[in-house]
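In the UniProt record's numbering, the protein residues as written are 1 to 283. Cβ coordinates follow ideal geometry from the N, Cα and C atoms, glycine included. Worksheet: one structure, shown below.
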């Protein structure tokens, strides 16, 4: 039987054998005059006289009551402790769960923030790349436009220079043509004058004085000159450039030397003007 309780049974006609934990129940068994017998049949225990059996029963019953009370108290204590432990465990579990949820939320927030940060960095870098690309494209476009404008400007400048050169060449040709025309018209006159001067050994004054006697020859000379300078090249010239000389007529009175001097001065003036025209054409 278990040593945690007291049990008894008939041992002989005079005694009962009581068994239990010796250290625990020795003082109680002394109240019923029990004696410890280690060689007792059935195992060691106490021998108690039968006259003490009622009292022994009371002790055992009281012990059971106490045991029950203690058991209930222990149950209550255990129940309270268990409840407390359970509550603590539940509280701890809840706290752990809450803590875990909070940690998960924190981790999630950190992760979300990290993702947002990475996205922001990614968008910022791509925005900068797009901006750089747009700037490069704009710069290339501006450079292309500038090159195009420069090319067009060079082309226009080249065309303008070519046009100017052509214009200058045309002007030079026109000048040369005009010069040749004037030269071709002036040289015969000069040759005519030189021929007249060569054939006439007299001085100029005496030469023109001779026209007073033969005015018809004077008219014939200027008519030839007038026909030579009446071409289309000289249509735009003023009549003052080559004034038609007035044929000398025989006067009723005798010419004096002053009249010949005046006529000579007019001829010289015409020659000077002709010379100036030649110089202008050469320029």
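* From the DSSP output, read off the bridge partner residues of residue 10. => To locate residue 10, count along the chain shown from 1; it is residue 10. In DSSP, residue 10 forms a bridge with 16.
* Asked: What are the start and end residues of the alpha helix (DSSP H) that includes residue 22?
  -> For the purposes of this step, residue 22 is taken as residue 22 along the chain shown, with counting starting at 1. From DSSP, the alpha helix (DSSP H) with residue 22 extends over 22-30.
* **Residue of 58, 64, 170, 41 minimising C-alpha distance to residue 12** => In the chain shown, residue 12 corresponds to position 12, counting from 1. If you compare the alpha carbons of 58, 64, 170, 41 with that of residue 12, the shortest gap goes to 41.
* Hey, could you find the ends of the beta strand (DSSP E) residue 35 is sitting in? => The residue given as residue 35 occupies position 35 in the chain shown. Note, residue 35: beta strand (DSSP E), 35-37.
* Asked: What's the C-alpha gap between residue 96 and residue 124?
  -> Within the chain shown, the letter at position 96 stands for residue 96. Within the chain shown, the letter at position 124 stands for residue 124. Here the C-alpha atom of residue 96 lies approximately 40 Å from the C-alpha atom of residue 124.
* Return the CA-CA distance between residue 269 and residue 172, expressed in angstroms with no decimal places. => Your numbering for residue 269 matches position 269 in the chain shown. Your numbering for residue 172 matches position 172 in the chain shown. In a straight line, the C-alpha of residue 269 is about 30 Å away from that of residue 172.
* Asked: In terms of residue numbering, what span does the beta strand (DSSP E) encompassing residue 49 cover?
  -> As a position in the chain shown, residue 49 is number 49, starting the count at 1. Start and end: 45-49.
* Asked: Can you tell me whether residue 106 is buried or exposed, with buried defined as 16 or more other CB within 10 angstroms of its CB?
  -> Position 106 of the chain shown, counted from the start, is the residue given in the question as residue 106. Result: exposed.
* Asked: How would you label residue 36, buried or exposed, when you count the other beta carbons within 10 angstroms and need 16 or more for buried?
  -> Position 36 of the chain shown, counted from the first residue, corresponds to residue 36. Exposed.
* Asked: Under the criterion of a Cβ to heavy atom distance below 7 Å, does residue 10 qualify as lining the ligand COA?
  -> As far as ligands go, the structure on display features none, and thus does not contain the ligand COA.
* To do: Pick helix, strand or coil for residue 40, following the three-state DSSP scheme.
  => Counted from its first residue, the chain shown places residue 40 at position 40. In the structure shown, the three-state DSSP call for residue 40 is coil.
* **CA-to-CA distance, residue 64 to residue 49, given in whole angstroms** => Mapped onto the chain shown, residue 49 falls at position 49. Mapped onto the chain shown, residue 64 falls at position 64. About 22 Å.
* Contact with chain B by residue 278, beta-carbon distance below 8 Å -> Annotation note: the requested chain B is absent from the structure, which comprises a single protein chain.
* Asked: Can you tell me the Cα-Cα spacing of residue 262 and residue 274, whole angstroms?
  -> Taking the first residue of the chain shown as position 1, residue 262 is located at position 262. Taking the first residue of the chain shown as position 1, residue 274 is located at position 274. Roughly 19 Å between the two C-alpha positions.
* To do: Please list, in chain order, all residues of the same chain as residue 28 whose beta carbon is under 7 Å from its beta carbon, the five residues on each side excluded.
  => Here the question's residue 28 lines up with position 28 in the chain shown. If we look at residue 28 and ignore the five residues flanking it on each side, its Cβ neighbours are 59.
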